[in-house]
Amino acid sequence: MEIAKGYVDGVYETVLKRNQGESEFHQAVKEIFDSLVPVFAQHPEYMKAGILERIVEPERIITFRVPWVDDQGNVHVNRGFRVQFSSAIGP
Numbered sequence: 041m042e043i044a045k046g047y048v049d050g051v052y053e054t055v056l057k058r059n060q061g062e063s064e065f066h067q068a069v070k071e072i073f074d075s076l077v078p079v080f081a082q083h084p085e086y087m088k089a090g091i092l093e094r095i096v097e098p099e100r101i102i103t104f105r106v107p108w109v110d111d112q113g114n115v116h117v118n119r120g121f122r123v124q125f126s127s128a129i130g131p
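Each residue of the sequence shown is one higher than the last, beginning at 41 in the working numbering.
Right, here's the structure in full:
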């Protein structure tokens, strides 16, 4: 169990470094990772396969512009994002 916990904690530290300022993402990853420690303890082959490293990195990120007009008629442009972690069931 200690090896699995160390692996999960190590991947989580990498997530924190690569995604600074994303507290909601950190919380979601931490909750999922903590629940998976027993699974990795029973199946060490999952650690070797790099399952966690794969599920925390998005498969695709789409950036697009979002133009809008405020109540005074001024045009603003914001940036929108769509982050997709898996295309297993389609886009």
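Glycine included, every Cβ here is placed at the ideal spot set by N, Cα and C.
Beta strand (DSSP E) containing residue i: first to last residue?
i, result
"residue 116", "115-124"
"residue 107", "100-109"
Run the CB neighbour count on residue i, radius 10 Å, all protein chains shown included, and call it buried at 16 or more, exposed below.
i, result
"residue 92", "buried"
"residue 115", "exposed"
"residue 44", "buried"
"residue 87", "buried"
"residue 80", "buried"
The alpha helix (DSSP H) spanning residue i covers which residue range?
i, result
"residue 67", "63-82"
"residue 46", "42-58"
So does the region 94-105 actually touch the region 119-129, counting three or more Cβ pairs closer than 8 angstroms?
Result yes; three or more Cβ-Cβ pairs closer than 8 angstroms.
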